[in-house]
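The next block holds one structure in the form of structure tokens; read it before the comments.
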Amino acid sequence: HLQVINTDIPVAVWTRSGSHIGFEQIPGAWQQQNRGSPFIIPQGLGAGSLTPIPEKDFEPLTISPGARMGFYVALRRNKGMLMRGQRDDTVLVEDDHVVIEAGTSFNSDRFGDFVTGKMWNGAVRYIVSP
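For the sequence shown, full-length UniProt numbering gives the first residue as 1, with consecutive numbering after it.
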């Protein structure tokens with residue numbers, strides 16, 4: 001979810017193997033997706049509607065069974081929709097293949113001051129490999 005309905009919204013996505021905990025302020029511990037450039041979302045859909053990163057733009061990621069992967073999604077001017085959650089590592093939702101846990105929100109700059117226990121208010125699309 002995004003709070004905005006603007007066009008051409010840059011969204012930077014980083015990933016790292018393992019948990020995000022302890023690496024919140026270490027940019028070198030993360031790999032920026034999309035060859036180091038932000039994704040451009042054509043149109044924000046506003047509060048209450050999922051605003052997807054176009055699937056054709058997103059690079060496939062492989063996560064081995066039982067492995068953890070940290071995700072860092074950054075929007076300029078804090079226009080994402082986060083909710084107060086539980087402490088980090090609290091399971092928010094899970095199924096037979098994926099577990100999503102509470103995480104961290106940054107107060108301002110990327111990899112700067114942060115607040116723990118936030119819930120990401122979004123969706124993940126995935127495919128289970130045979």
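Yeah, the Cβ is synthetic: ideal placement off N, Cα and C, and Gly gets one too.
No experiment lies behind these values; they were computed from the predicted model shown.
Looking at the strands, I want to know which residues DSSP matches up with residue i.
| i | result |
| --- | --- |
| P10 | I40 |
| V128 | In DSSP, V128 forms no bridge with anything. |
| F114 | F106 |
| E94 | V99 |
| A74 | A12 |
| S17 | M69 |
| Q32 | W14 |
List the endpoints of the continuous beta strand (DSSP E) containing residue i.
| i | result |
| --- | --- |
| I100 | 99-101 |
From this set, the options, which residue's C-alpha is nearest residue i's C-alpha?
| i | options | result |
| --- | --- | --- |
| H97 | S129, G70, D89 | S129 |
| residue 133 | P42, P60, V91 | As shown, the chain starts at 1 and ends at 130. That puts residue 133 outside it, with no answer to give. |
| A12 | Q33, A47, R68, T62 | Q33 |
| S17 | S64, G48, I9, P10 | S64 |
Looking only at its chain, what residues have a beta carbon closer than 6 Å to the beta carbon of residue i, apart from the 5 residues adjacent to it on each side?
| i | result |
| --- | --- |
| L45 | T51 |
| A123 | L50 |
Take residue i and list the residues in its own chain whose beta-carbon comes closer than 8 Å to its own, dropping the five residues that flank it on each side.
| i | result |
| --- | --- |
| E101 | D88, D89, T90, V91, L92 |
If you measure between the beta carbons of residue i and residue j, is that distance less than 9 Å?
| i | j | result |
| --- | --- | --- |
| T15 | Q25 | no |
| H20 | G112 | no |
| P27 | L75 | no |
When you measure from the CB of residue i to every non-hydrogen atom of the ligand HEM, does any distance come out below 8 Å?
| i | result |
| --- | --- |
| P27 | With respect to small molecules bound, the structure shown includes none, and the ligand HEM cannot be examined in it. |
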